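Data block below; observations after.
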Amino acid sequence: MVWTLTTTLAEFRTAAGEFLAADPVGNTVLLTVVERIERDGPYAYGGAAPDYGWWREPDGTVTGATLRTPPYGRRLGRMTTGAAGELARVLAAWEETLGAVGGGREETLAFAAEWERRTGRSWIVESHERLYRLGELTPPPAPPAGRARLAGEADRELAVQWLGAFCAEAETQPPGDLRADADQRIAAGTLLLWEDGDGRVASLAGASPAIAGMSRIGPVYTPRERRGRGYASALTAAASAHARARGAAEVLLYTDLANPVSNAIYQRIGYVPVGDSVYVAFR
Numbered sequence: 001m002v003w004t005l006t007t008t009l010a011e012f013r014t015a016a017g018e019f020l021a022a023d024p025v026g027n028t029v030l031l032t033v034v035e036r037i038e039r040d041g042p043y044a045y046g047g048a049a050p051d052y053g054w055w056r057e058p059d060g061t062v063t064g065a066t067l068r069t070p071p072y073g074r075r076l077g078r079m080t081t082g083a084a085g086e087l088a089r090v091l092a093a094w095e096e097t098l099g100a101v102g103g104g105r106e107e108t109l110a111f112a113a114e115w116e117r118r119t120g121r122s123w124i125v126e127s128h129e130r131l132y133r134l135g136e137l138t139p140p141p142a143p144p145a146g147r148a149r150l151a152g153e154a155d156r157e158l159a160v161q162w163l164g165a166f167c168a169e170a171e172t173q174p175p176g177d178l179r180a181d182a183d184q185r186i187a188a189g190t191l192l193l194w195e196d197g198d199g200r201v202a203s204l205a206g207a208s209p210a211i212a213g214m215s216r217i218g219p220v221y222t223p224r225e226r227r228g229r230g231y232a233s234a235l236t237a238a239a240s241a242h243a244r245a246r247g248a249a250e251v252l253l254y255t256d257l258a259n260p261v262s263n264a265i266y267q268r269i270g271y272v273p274v275g276d277s278v279y280v281a282f283r
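The opening residue of the sequence shown carries number 1 in UniProt numbering; numbering runs sequentially from there.
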């Protein structure tokens, strides 16, 4: 059993592509990151080249995958806790500089524990998230006045502003250039808005293109002054239906476990818990 690491996307796709596609739910983040790098190039997320890795069993079967897109932390796809610990050992031996790691709860904690043993760097869990998949879509029975619609070029500045506000509120780094991100989402038809009864935009939601039959909803953002009126619930339901109409067999989303409101909202419209993930920062 061994990890193979590379900076070549084509090599990673050849070795691990079948494994990623076989479990689009467990590997949702890796699939969407790889899709964006293929579309926008190796520096889509920052000024340093990404790296990739896969774990092979003795019979040659790939059963784990990872990638890193600096300046973001390392992301773990589906793997065993044993493979996660071995990955930490290998990277520590190569003296990788690592500020954070995220992924499924058990494998990420196993990685963090081994990283601390190897490097002496302690760590904290910065966020707890839950992955949900859509079962039977159940739109809100009494949605707010208005309608969902795709964002257009005229919505560009508002989209840039709200995408940035979402990242600031979630305390996450923007995924590269916000204007380029907004432009790409609008052009691809993957950004939806809710217009209230007066024609004013009240909420925003993204729905990624279907990759290996999987689409992930996010971000979902409503300005603070307009929350509590059902806009996010109605728009998330519309974005979920939009994703299915565009070919997604699995529609997924992540929620912050510290936010009980959003967790309850998504379950009411048909989302079912799959598993928990964490984001760990090294001191």
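Even for Gly, the Cβ is constructed at its ideal location relative to N, Cα and C.
Everything numeric in this text was worked out from a predicted model, so none of it was measured.
### Query
If you draw a straight line from the alpha carbon of Ala44 to that of Tyr221, how long is it in whole angstroms?
23 angstroms
### Query
Which residues bound the beta strand (DSSP E) around Tyr52?
51 to 56
### Task
Let me know the secondary structure DSSP gives Arg75 once reduced to three states.
strand
### Limits of the beta strand (DSSP E) - the one that Leu131 falls within
123 to 134
### Task
For Ala83, collect the residues of the same chain with a Cβ closer than 8 angstroms to its Cβ; drop the 5 residues on either side in sequence, then sort them by chain order.
Met1, Trp3, Trp55, Thr63, Gly64, Glu107
### Task
Output the distance between the C-alpha atoms of Ser208 and Thr61, rounded to the nearest integer angstrom.
29 angstroms
### 7 angstroms Cβ shell around Glu86 - same chain, five flanking residues per side excluded
Trp3
### Query
In chain order, what residues of the same chain have a beta carbon less than 6 angstroms from the beta carbon of His128, not counting five sequence neighbours either side?
Leu257, Val278
#### Entry: the segment 227 to 240 / the segment 137 to 148 touching (three or more Cβ pairs under 8 angstroms)
yes
#### Entry: Where the beta strand (DSSP E) through Glu195 begins and ends
191 to 195
### Task
Under the assumption that Ala112 contacts Trp123 (Cβ atoms under 8 angstroms), give the Cβ distance between them as a whole number of angstroms.
5 angstroms
### Span of the alpha helix (DSSP H) around Tyr266
260 to 268
### Query
In whole angstroms, what separates the C-alpha of Arg105 from that of Ala238?
30 angstroms
### Message
Considering Cα atoms alone, identify which of Leu131, Glu95, Gly120 is closest to residue 323.
### Response
The first residue shown for the chain is 1 and the last is 283, placing residue 323 beyond what the model contains.
### Query
What distance in whole Å lies between the Cβ atoms of Leu98 and Ala212, which are believed to be in contact at a cut-off of 8 angstroms?
Rounded, the Cβ-Cβ distance is 28 angstroms, inconsistent with contact.
### Task
Compare the beta carbon distance of Ala243 and Val251 with 7 angstroms and say whether it is the shorter of the two.
yes
### Task
For Tyr279, name the three-state secondary structure that DSSP assigns.
strand
### Query
How would you label Val101, buried or exposed, when you count the other beta carbons within 10 angstroms and need 16 or more for buried?
buried
### Residue from Ala249, Leu253, Ala22 whose Cα sits closest to the Cα of Ala205
Leu253
#### Entry: Pairwise C-alpha distance: Pro219 and Glu136
21 angstroms
### Task
Can you tell me the Cβ-Cβ gap for Arg156 and Asp196, rounded? I've got them flagged as a contact below 8 angstroms.
Arg156 to Asp196, Cβ: 20 angstroms. No contact.
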